[in-house]
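Just below is one structure, and these are the notes that go with it.
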DNA sequence: TGGTACATGTAACATGTTACATGATTAG
DNA sequence: CTAATCATGTAACATGTTACATGTACCA
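Residue numbers (the numbering used here), protein chains in the order written: chain A, 4 to 179; chain B, 4 to 179.
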C-alpha cells in the first residue's frame, strides 16, 4: 500500500491526525484540543472537524468507535492515518497567511474619517494588549514544542504592541 | 436610497472599492495594485477580483466601462460604491487571522523526525530573511498610511527572525 | 513569425463560516 | 423540573484556489 496515490492531506485534517497520536478522541474533544493548542495560528471550527473526521474515516485514516455515553464517538488513528501524517509532515510547510483587516483600513486611511480610524486602532490595541497579557500569564510550558509556539505568540504580540505605539501621532490619535 | 439594505461588503470587495477611489481601473490593474500594496496581509487572486467586480457591477457599486484596446475594461466607482465603502470602513475591523503551517509542524515536533523539522525551520528562516531584506530595501514611503503598514511588516519580520534565532538548539538544529 | 506579456473570464473544487436541528446528561 | 452544557451532525452559503480557455498586442 505504500505507493497508493492519495491527494495530500490538508493541514487541518493533518493536525487532527496529529492530536490523535495521543490516543482516541471524539470530535468534540478535538475541537477543544485544537482551539486550545493551535487556535492562535490555525483556526478550526466544529463543522470542519466533523467533516474532516467523516472524510478521513471514509479514507481509512481513522476509525470511528462505538457510541458511548452522551453519544460520544471516539476516533482512533489507523496505521494508514499514521502514514498519511508522516507524509504530510515531510512536505515543506506552506508560507504563513496573514489576513489583517485593520491594516486594510490603515492603507485606506486617506479615505477614512481620522477619528474613525483612530477608534479602530485604539480598540485593536486593547485586544492585543489583552492577548499578550494572557500569553504572559501562561508562564513556562512543560512541552518545549508548545513552548516554542507560545514564544512565537509572545514575540508577535509584543511586535504588534510596539507597532501601535510607534504609529505617527496624526494617525493614532485622529488629529489631522 | 440611503436606507437600502444590503449585506455588508466583504473586505476583499471593499478594498477594490478603496483602490477605485484613485480613478477607474481594470481588473488586471486592480490585481497588480492590490498585490503590490496589500498583498502582504490580504491575499487576493485574479479570479476573485473578476468575480467581485462582476458582483459589484450587478449591485451598482461600480460600473463597467467600454472595452478599450486589448479588451481592457475599466471599472468606475459609483456613488453607491462610495457609500458602501464608507459603511464598510465605519464597522470595526475583524481581528486578524494567522494561518501558519510551520507552527503546526513545530507543535507536533514530538511526532516528527528532528532533522525534518530542523530542515523546515531553516528553509522558512531563509524565506523570512529575504522578505525582511526586501522590506528594508523599500526605504521610506511617501504615503504615511502605506508607510504604517510597511512598518508593521518590518516589525513582524524582525520578530519572526528573532523567534527563529531564539529557538532551543535541540529543536533548531535537529540534534536530539 | 513566434514567443512573451497583457487581459478577461469560466469551471471545478477546496475550504471555511454560520446557523440550525436534535437529543443526552448534569446541576441546581 | 428546568436551564445549562455536552455532543453530533446537516444545510446553506461565502470565500479562496487552481487550472484552463480564449484572444490581443508587442517586440525581437
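Yeah, the Cβ is synthetic: ideal placement off N, Cα and C, and Gly gets one too.
Worksheet item: Between the segment 79 to 96 of chain B and the segment 15 to 32 of chain A, do at least 3 Cβ pairs fall closer than 8 Å?
Response: no
Practice prompt. Pull up the DSSP beta-bridge partners for residue 101 of chain A, would you.
Written response: Position 98 of the first chain, counted from the first residue, corresponds to residue 101 of chain A. Residue pairing of residue 101 of chain A in beta bridges, as defined by DSSP: B:101.
Worksheet item: Of the residues A:169, A:174 and A:152, which one's Cα is nearest the Cα of residue 39 of chain A?
Response: Along the first chain, one-based indexing puts residue 39 of chain A at 36. Checked all of A:169, A:174 and A:152; the closest Cα to residue 39 of chain A is A:152.
Worksheet entry | Closer than 7 Å at the beta carbon, the chain A residues around residue 140 of chain B | The residue you call residue 140 of chain B lines up with position 137 of the second chain. Result: empty, since nearest Cβ-Cβ is about 19 Å, beyond 7 Å.
Discussion item. Can you pull out the residues from the segment 144 to 160 of chain B whose beta carbon lies closer than 7 Å to at least one beta carbon of chain A?
Written reply: 147, 148, 149, 151, 152, 154, 155, 158 and 159
Fill in: Members of the segment 105 to 116 of chain B near chain A, C-beta cut-off 7 Å
105, 106, 107, 108, 109, 110, 111, 112, 113, 114 and 115
Practice prompt. Under the assumption that residue 81 of chain A contacts residue 92 of chain A (Cβ atoms under 8 Å), give the Cβ distance between them as a whole number of angstroms.
Written response: If you number the first chain from 1, residue 81 of chain A lands on position 78. If you number the first chain from 1, residue 92 of chain A lands on position 89. That belief does not hold up - the Cβ atoms of residue 81 of chain A and residue 92 of chain A are roughly 17 Å apart, past 8 Å.
Item to complete: Could you check the C-alpha separation between residue 117 of chain A and residue 147 of chain A for me, to the nearest Å?
Response: As a working mapping, residue 117 of chain A is identified with position 114 in the first chain. As a working mapping, residue 147 of chain A is identified with position 144 in the first chain. Taking the straight line from one Cα to the other gives about 44 Å.
Discussion item. Distance check for residue 79 of chain A and residue 23 of chain B, CA to CA, integer angstroms please.
Written reply: As a first step, residue 23 of chain B is located in the second chain; it is residue number 20 there, counting from the start. As a first step, residue 79 of chain A is located in the first chain; it is residue number 76 there, counting from the start. Going from the Cα of residue 23 of chain B to the Cα of residue 79 of chain A covers about 52 Å.
Practice prompt. Anything in chain B within Cβ reach of residue 174 of chain A, meaning under 9 Å, just list it in chain order.
Written response: What you label residue 174 of chain A is simply residue 171 of the first chain in a count that begins at 1. Ordered by position in chain B, the residues that pass the 9 Å Cβ test against residue 174 of chain A are 147, 148 and 151.
Worksheet item: When burial is assigned at 16 or more other CB atoms within 10 Å of the CB, is residue 144 of chain B buried or exposed?
Response: As a first step, residue 144 of chain B must be located in the second chain, where it is residue number 141. Residue 144 of chain B should be labelled exposed.
Fill in: Top-ranked residue by Cα proximity to residue 113 of chain A, from B:10, B:9 and B:21
Residue 113 of chain A sits at position 110 when you count from the first residue of the first chain. Answer by Cα proximity: B:21.
Worksheet item: Does residue 99 of chain A have its Cβ less than 8 Å from a Cβ in chain B?
Response: In the first chain, counting from the first residue as 1, residue 99 of chain A sits at position 96. It does; some Cβ of chain B falls within 8 Å.
Worksheet item: What residues in its chain sit with their C-beta under 6 Å from that of residue 60 of chain B, if we drop five residues either side in the sequence?
Response: Counting from one through the second chain, the residue named residue 60 of chain B turns up at place 57. Correct list, in chain order: 67.
Worksheet item: Does the beta carbon of residue 249 of chain B come closer than 8 Å to any beta carbon on chain A?
Response: Summary: the structure shown does not reach residue 249 of chain B, with chain B confined to residues 4 through 179, and so no result is reported for it.
Worksheet entry | For residue 149 of chain B and residue 110 of chain A, the rounded distance between their alpha carbons | Here the question's residue 110 of chain A lines up with position 107 in the first chain. Here the question's residue 149 of chain B lines up with position 146 in the second chain. Cα atoms of residue 110 of chain A and residue 149 of chain B: separation of roughly 6 Å, rounded to the nearest angstrom.
Discussion item. 8 Å is my cut-off, CB to CB: does residue 165 of chain A come that close to chain B?
Written reply: Position 162 of the first chain, counted from the start, is the residue given in the question as residue 165 of chain A. Cβ-Cβ to chain B under 8 Å: yes for residue 165 of chain A.
Discussion item. I want to verify the contact list: residues of chain B whose CB lies under 9 Å from the CB of residue 65 of chain A, in sequence order.
Written reply: Locating residue 65 of chain A in the first chain gives position 62, counting from the first residue. Simply none; closest approach about 15 Å.
Worksheet item: Just checking, does the segment 49 to 57 of chain B make contact with the segment 163 to 170 of chain A on the three C-beta pairs under 8 Å criterion?
Response: no
Worksheet entry | Members of the segment 43 to 54 of chain A near chain B, C-beta cut-off 7 Å | If the cut-off is 7 Å between Cβ atoms, the segment 43 to 54 of chain A has 44, 45 and 46 near chain B.
Discussion item. Quick check: is the beta carbon of residue 34 of chain B nearer than 8 Å to any beta carbon in chain A?
Written reply: Taking the first residue of the second chain as position 1, residue 34 of chain B is located at position 31. With 8 Å as the cut-off, residue 34 of chain B does not count as an interface residue toward chain A.
Worksheet entry | C-beta contact flag for residue 169 of chain A and residue 154 of chain B at 8 Å | Residue mapping note: residue 169 of chain A aligns to position 166 of the first chain, counting from 1. Residue mapping note: residue 154 of chain B aligns to position 151 of the second chain, counting from 1. Their beta carbons are under 8 Å apart, which means residue 169 of chain A touches residue 154 of chain B by this criterion.
Worksheet item: Given that residue 68 of chain B touches chain A, what residues does it touch there, using C-beta distances under 9 Å?
Response: On the second chain, position 65 is the one that residue 68 of chain B refers to. Simply none; closest approach about 22 Å.
Worksheet item: Helix or strand or just coil, what does DSSP make of residue 60 of chain A?
Response: Numbered from 1 along the first chain, position 57 holds the residue referred to as residue 60 of chain A. Looking at residue 60 of chain A - three-state DSSP - the assignment turns out to be helix.
Worksheet item: What's the call for residue 139 of chain B, buried or exposed, on a 16-neighbour Cβ count within 10 Å?
Response: Residue numbering aside, residue 139 of chain B sits at position 136 when the second chain is read from its first letter. It is exposed - the Cβ of residue 139 of chain B has fewer than 16 other Cβ atoms within 10 Å.
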